[in-house]
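In what follows, a structure is listed as structure tokens, so that the remarks can point back to it.
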Amino acid sequence: MDLKDLYRDVILDHNKHPRNFGRLDPCDTSADGNNPLCGDRLTLTLRLDGDRVSDIKFEGKGCAISTASASLMTEAIKGKDGVAIKHLSTLVHQALTAHGDDSLPPAELGKLAALAGVREYPARVKCASLCWHTLDAALKHRTNSLGETPTGPATVSTE
Ligand code: ZN
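Counting from 1, position 86 in the sequence shown corresponds to residue 98 in our numbering; the numbering is continuous, with no gaps.
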């Protein structure tokens, strides 16, 4: 089995059996993401312990790549703090946009490395990055509210 088969299997598995699917109620912050190019929509709900994401769930409807990416992301960031999440987010974006680069994604990406296969389909990069943009919006939304309960979800569109 070569690496591409492995990547595809991880994506298919997470699309068929999304991890952390659902909604946290109550939550400390949330955000809605929308990728009009493909029709992907997702809502993230998070519980925070200071700067650390203690729990996260996602729900919505989207293509296999957007669903698998959100599922992989929730698994990867749960329990991590803002600095670690930012670092991971940067690595994912590099892996997604490294056009014509055949080098292997860094080992610290873990299962998220499966998303590197998406770089061969530039039109789908937004499907894979939607959840990360939405996460960023949710975390900023919370920071901006100075710890107060957000009045409504942040929204982000990739357009
Ligand atoms: Zn999509």
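Glycine is no exception: its CB is placed at the ideal position from the N, C-alpha and C atoms.
Nearest-angstrom Cβ-Cβ length linking residue i and residue j, presumed shorter than 8 Å
i	j	result
residue 154	residue 41	4 Å
residue 108	residue 140	6 Å
residue 64	residue 92	7 Å
residue 94	residue 20	With 8 Å as the limit, residue 94 and residue 20 do not qualify as a contact, their Cβ atoms being about 32 Å apart.
residue 88	residue 27	That belief does not hold up - the Cβ atoms of residue 88 and residue 27 are roughly 16 Å apart, past 8 Å.
Cβ-heavy atom distance, residue i to ligand 1, below 8 Å
i	result
residue 23	no
residue 75	yes
residue 50	yes
residue 136	yes
residue 47	yes
residue 39	no
residue 139	yes
residue 78	yes
Neighbourhood of residue i by C-beta distance below 7 Å, restricted to the same chain and skipping five residues each side
i	result
residue 34	69 and 71
residue 96	none
residue 117	107, 125 and 128
Cβ-based neighbour list, residue i, same chain, cut-off 8 Å, excluding 5 preceding and 5 following
i	result
residue 43	55, 56, 146, 147, 149, 150, 153, 165, 166, 167 and 168
Own chain residues within Cβ distance below 6 Å of residue i, not counting five before or after
i	result
residue 85	143
Pairs of beta-carbons, one from the stretch 99 to 118 and one from the stretch 37 to 52, closer than 8 Å: are there three or more? no
What beta strand (DSSP E) runs, 3 residues minimum, are completely inside the stretch 60 to 94? Segments of the beta strand (DSSP E) lying fully in the stretch 60 to 94: 64 to 73.
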